[in-house]
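Remember, our numbering sits 12 above the position in the sequence shown when you count from 1.
Right, one structure below, let's go through it.
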Amino acid sequence: MTDAQGDVILVTNGVSNCNIIRTSSLIEALGDTLSEFSLASDWNPSLILRTLPEHSVDRSNVSTISMGVAISAGGDAVGVTELAPKEIEERSQGSEVSQGFFHRMFSSFFSFVKCSTSHISEVVVWTGKVIYVLCPPVPAIMIRKVAFQPPPKGKFYYLLPRAELVKDKRPTKRLISLADYDSNDVPLVFVFPYLGRNAIDPDYPTSREQIARLQPHVFKSGSGNRLIGCEIRCARSTALFMRSPKILLFAQPNSSDIGSCMMTDPNLVDICDFLNCDMFGFDYSGFGMSEGRPTESTVYRDIESAFAYVCQTFGYTPEDVIPLGFSMGTATSIHLASTVPEIKAMILIAPFTSVLRVVVRSPTLERTPGIDKFRSVEKVDKVEAFTLVCHGTKDYIVPLSHGEYIYEKLKNKASPLWVEDASHQGIYCDRNLWIRINEFLNDELNLKMAWEDSA
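What follows is the structure, encoded as structure tokens:
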């Protein structure tokens, strides 16, 4: 198989003052601090954050990479839960078992609805999700729906042969078959529909200089599927024309892909630059443009294959590859570290003990039915890697108690970070998280010293 590699380009629908129904409340809150916004219905948070005029807002108020903070600079926070529901008081283990898992699941959902009456739209969204999960009422299918929610294929990025690109012309979107391109030298390129005005515009918030450091790869997984990978070079390694001494293997959360990870603040390149470390991200089977259908066993084989690909293609030793897992990615990272003892370090952001333990709000439950997925709690004691655990104190999707229990069961652990007032999604945008990870990499794992030795 020939690795498919290529450039990265940008396209967008442009900016306009129409089609803003879905973001009208956000725009009203920002007021005159907003200079422009996306025409697309799925707006780009980084676009809004990075177009705040210097004279309209106190930049010290947005020093943290947090959308909530930036929004509150121009008005009341919008789309941020101000008063999260109180944690459901845990019952005794015997009581939990006697109640049954799905009774506990319904109780958790209705408690959420009761505490969210001031957020009607949020309740409607979650009600729709619950109906989707419960139909058909087959336990195995229901758990699979909870565990895997890939974004629509081609929504946040797609791939094209480089030869199809025409200067100053927006590419026509089409979804290609990876099977047509993995056995020849036709290079592919990433196309991100929401990150630029046209194919060569260098002046949009996510600049071409930054995204040019994303190198697409196509590789074969042990699951039999062709996967999309993305090598990200940090500014330092780019300037020195060399790879960083260590590399992060990024295992994504649910409901995301490479394209959506380039729309966050920070995006993948921001993270690499801040940490002075290169990264390899990939889409699981059935996520992004990767082939196949996600199951627990396939995503485990996917991360194993991504790890092997990084070592074989880039020349890293297993000791220098550091899994960085977020949410669902913590389960795949724990699986990898538990089966590859050569891995010396790992980072977990918002880890959970298992899917059903999240659903029934009991991370310490001793046993769960066979339909349970991602039982990280049963693997974590096999992990030898020096591990950093980070979790938000106001995470009501995966409560802090899950991160605390994972931390408790680890053999070799760094001082954890419990991020005050951070939600499940919000922790990823909190500067304190990345400061702690930077300390872990550069000081505790000696990445800074390794850079100096390689100079």
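Ideal placement from N, C-alpha and C gives every residue a C-beta, glycine not left out.
**Start-to-end residues for the beta strand (DSSP E) that takes in Tyr170** = 170–173
**Prompt:** If you draw a straight line from the C-alpha of Ser413 to the C-alpha of Leu261, how long is it?
**Reply:** 26 Å
**Three-state class that DSSP yields for Met5 in the structure shown** = The chain is shown from 13 up to 467; residue 5 falls before or after that span and cannot be answered.
**Request:** Note the first and the last residue of the continuous beta strand (DSSP E) segment covering Thr399.
**Result:** 398–404
**Asked** When you compare each of Phe319, Ile223, Asp192 to Gly234 by their alpha carbons, which one comes out closest?
**Response** Phe319
**Prompt:** Straight-line CA distance for Ile270 to Tyr408?
**Reply:** 25 Å
**Prompt:** In chain order, which continuous runs of the alpha helix (DSSP H) of length 4 or greater are located wholly inside the segment 296–344?
**Reply:** 308–326
**Prompt:** DSSP three-state call for Gln437: helix, strand or coil?
**Reply:** coil
**Request:** Per DSSP, which residues does Gly293 bridge with? Please list them.
**Result:** Cys242, Phe262
**Item:** Reduced DSSP category for Val178 - H, G, I as helix; E, B as strand; rest coil
**Value:** coil
**Prompt:** Alpha carbon to alpha carbon, what distance is there between Val333 and Tyr312?
**Reply:** 17 Å
**Request:** In the DSSP assignment, find the unbroken beta strand (DSSP E) run with Gln227 in it and report its ends.
**Result:** 226–232
**Request:** Could you say if the segment 352–359 and the segment 276–290 meet the contact criterion of at least three C-beta pairs nearer than 8 Å?
**Result:** no
**Item:** Boundaries of the beta strand (DSSP E) in which Val371 is found, first to last residue
**Value:** Note, Val371: premise wrong, no beta strand (DSSP E); alpha helix (DSSP H) at 367–371.
**Beta carbon proximity, Thr310 to chain B, threshold 8 Å** = Within the model displayed, chain B is absent; a lone protein chain is all it includes.
**Message:** My output table needs one value for Val392: the three-state DSSP class, helix, strand or coil.
**Reply:** helix
**Prompt:** Leaving out five residues before and five after Tyr419 in sequence, what residues of the same chain have Cβ atoms less than 7 Å from its Cβ?
**Reply:** Val401, Lys425, Pro428
**Prompt:** Sorted by chain position, which residues of the same chain lie with C-beta nearer than 7 Å to Tyr296's C-beta, five sequence neighbours on each side aside?
**Reply:** Ser302, Pro306, Val311, Asp314
**Request:** Mind checking who Ala357 pairs with in its DSSP beta bridge?
**Result:** Phe398
**Message:** Using a 10 Å radius around the Cβ and a threshold of 16 neighbouring Cβ atoms, would you call Asp393 buried or exposed?
**Reply:** exposed
**Prompt:** If we ignore side chains and look at the alpha-carbon of each, how far apart do Val203 and Pro228 end up?
**Reply:** 11 Å
**Request:** Put Lys425 into one of helix, strand or coil per three-state DSSP.
**Result:** strand
**Prompt:** So is Ala291 buried or exposed if we call it buried at 16+ other beta carbons inside 10 Å?
**Reply:** Looking at the sequence provided, one finds Met at residue 291 rather than Ala. Counting Cβ neighbours within 10 Å, Met291 comes out buried, since at least 16 surround it.
**Prompt:** Bridge partners of Trp430, per DSSP?
**Reply:** His403
**Item:** Span separating the alpha-carbon of Phe168 from that of Pro162
**Value:** 11 Å
**Request:** Would you kindly work out how many angstroms separate the C-alpha atoms of Lys421 and Val178, rounded to a whole number?
**Result:** 54 Å
**Prompt:** Can you list, in chain order, the residues of its chain whose CB lies under 6 Å from that of Glu396, leaving out five sequence neighbours each side?
**Reply:** Pro353
**Message:** Using CA atoms only, rank isn't needed, just tell me which of Arg379, Cys273, Arg248, Ala175 is closest to Trp463.
**Reply:** Arg248
**Message:** If you reduce the DSSP assignment to three classes, tell me which class Leu348 lands in.
**Reply:** helix
**Request:** Label Phe253 either buried or exposed according to how many other C-beta atoms from any shown protein chain fall within 10 Å of its C-beta, with 16 as the threshold for buried.
**Result:** exposed
**Prompt:** What is the DSSP secondary structure of Phe286, reduced to helix, strand or coil?
**Reply:** helix
**Item:** From Ser317, Ser374, Pro375, Arg373, residue whose alpha carbon lies closest to that of His347
**Value:** Ser317
**Request:** Look at Ile244 and Phe326 and say whether their C-beta atoms are less than 8 Å apart.
**Result:** no
**Request:** Give every residue of the same chain whose Cβ lies closer than 6 Å to the Cβ of Arg71, excluding the five residues on either side of it in the sequence, and list them in chain order.
**Result:** Caution applies to Arg71, whose pLDDT of 36 falls short of 50 and renders its modelled position unreliable; the model cannot decide the point.
**Prompt:** Which residue comes first and which comes last in the beta strand (DSSP E) that contains Leu200?
**Reply:** 200–204
**Message:** Using 8 Å for Cβ pairs, my map puts Ser435 next to Gly404. What's the rounded Cβ distance?
**Reply:** 6 Å
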